[in-house]
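K.L.:
Quick note: the sequence shown uses my numbering, first residue 1, plus one each step.
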Amino acid sequence: MDKATWRKLALERRDSLSPQVKASLDASIVTWIANLPEGGPRVGPGAVIAAYVPIGSEPGTTAMLEVLREGGFRVLLPKVTAGPPAPLRWAWYDGPESLHERRFGLLEPSEDGASPDALGDAALILVPALSVDRHGIRLGRGAGYYDRSIPEVDTDKLVAVVFDDELVDELPSDDFDVRMGWSLTPGEGFRRLGTS
Numbered sequence: 001m002d003k004a005t006w007r008k009l010a011l012e013r014r015d016s017l018s019p020q021v022k023a024s025l026d027a028s029i030v031t032w033i034a035n036l037p038e039g040g041p042r043v044g045p046g047a048v049i050a051a052y053v054p055i056g057s058e059p060g061t062t063a064m065l066e067v068l069r070e071g072g073f074r075v076l077l078p079k080v081t082a083g084p085p086a087p088l089r090w091a092w093y094d095g096p097e098s099l100h101e102r103r104f105g106l107l108e109p110s111e112d113g114a115s116p117d118a119l120g121d122a123a124l125i126l127v128p129a130l131s132v133d134r135h136g137i138r139l140g141r142g143a144g145y146y147d148r149s150i151p152e153v154d155t156d157k158l159v160a161v162v163f164d165d166e167l168v169d170e171l172p173s174d175d176f177d178v179r180m181g182w183s184l185t186p187g188e189g190f191r192r193l194g195t196s
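(1) Out of G56, A50 and A63, which has the shortest C-alpha to C-alpha gap to S18?
(2) Would DSSP call P59 helix, strand or coil?
(3) At the level of alpha carbons, what is the spacing between V162 and G113?
(4) Apart from the five residues on each side of it in sequence, which residues of its chain come closer than 8 angstroms, Cβ to Cβ, to L107?
(5) Let's test the definition: count the other Cβ atoms within 10 Å of the Cβ of K8 and tell me whether it reaches 16, buried, or not, exposed.
(6) Following the continuous alpha helix (DSSP H) through E12, name the residue where it begins and the one where it ends.
(7) Ordered along the chain, which non-local residues of its own chain (more than five positions away) have a Cβ less than 7 angstroms from that of P186?
(8) How would you write the range of the alpha helix (DSSP H) that R148 sits in, first residue to last?
(9) Near V159, what residues of its chain come up, given a Cβ to Cβ distance below 8 angstroms and the 5 sequence neighbours on each side ignored?
(10) Can you round the beta-carbon distance between L193 and G136 to whole angstroms, since I take them to be within the 8 angstroms contact cut?
(11) May I have a chain-ordered list of the alpha helix (DSSP H) segments no shorter than 4 residues that lie completely inside the stretch 110-146?
(12) If we count the other Cβ atoms within 10 Å of its Cβ and call it buried at 16 or more, is S115 buried or exposed?
(13) For D177, count neighbouring Cβ atoms within 10 angstroms of its own Cβ and tell me buried if that reaches 16, exposed if not.
(14) Look at the alpha carbon of K3 and the alpha carbon of R141, and state the distance between them as a whole number of angstroms.
(15) What is the DSSP secondary structure of L25, reduced to helix, strand or coil?
(16) Is DSSP giving G189 helix, strand or coil here?
(17) How far does the beta strand (DSSP E) with V243 in it extend, from its first residue to its last?
(18) Are there 16 or more other CB atoms within 10 angstroms of the CB of V21, so buried, or fewer, so exposed?
(19) Does A10 pass the burial test, meaning 16 or more other C-beta atoms within 10 Å, or should it be called exposed?
(20) Taking 8 angstroms as the threshold (C-beta atoms), are V48 and T94 in contact?
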């Protein structure tokens with residue numbers, strides 16, 4: 001299957017989840033995040049963690065941002081720039097009231113942003129994905145925002161957040177695809193991905 005077919009099937013599966021099932025899966029993801037670093041990447045107290053605000057049927061809820069803050073972590077969120085796809089900008093999360101709807105209906109922090117080096121300080125980057133394979137190949141929505149934003153980031157810091165059936169054996173890939181070092185699923189929590 002090509003990437004477009006994988007994306008279509010993943011979105012159809014996600015969109016078919018009942019609100020109750022999705023809420024249960026999301027709660028499990030929040031629990032795994034709240035228990036960092038148990039079984040997952042090592043992050044120290046007060047570390048910077050880059051996350052995202054889920055939209056539509058994406059895994060997670062804004063509750064994952066709150067548990068990170070309550071755990072003493074500093075949370076960075078992406079901001080999409082105007083124009084064609086480009087590297088994401090980043091801003092600090094200061095609570096739900098700091099989020100406002102922006103481009104593509106995304107909720108983003110209202111502040112101007114963090115320093116350009118802030119993402120480099122992140123101990124962990126939670127990355128939304130439609131699917132990820134056991135080798136670390138991530139399937140996103142296809143615009144390449146994350147691939148443009150994290151090409152130099154240590155793979156060990158990158159976590160693809162997906163539902164259990166979206167962690168697969170193999171996905172099609174391109175040379176520019178950035179590999180993930182970990183997956184996070186509701187059923188298995190953090191799982192180390194291969195590097196080959």
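All C-beta atoms in this analysis are idealised placements derived from N, C-alpha and C, irrespective of residue type, glycine included. If you're wondering where the values come from, they're calculated on a predicted model, not measured in any experiment.
P.N.:
Let's see:
(1) G56
(2) coil
(3) 27 angstroms
(4) V53, I55, T62, L99, H100 and E101
(5) exposed
(6) K3 to D15
(7) L25, S28, I29, F163 and D164
(8) Y145 to S149
(9) G40, P41, L124, I125, L126, V127, M180, G181, W182, S183, L184 and F190
(10) 4 angstroms
(11) none
(12) exposed
(13) buried
(14) 9 angstroms
(15) helix
(16) strand
(17) Any answer about residue 243 is impossible in this case: the structure gives the chain only from 1 up to 196.
(18) exposed
(19) buried
(20) A quick correction: the sequence has Asp, not Thr, at residue 94. For D94 and V48, no; Cβs fall outside 8 angstroms.
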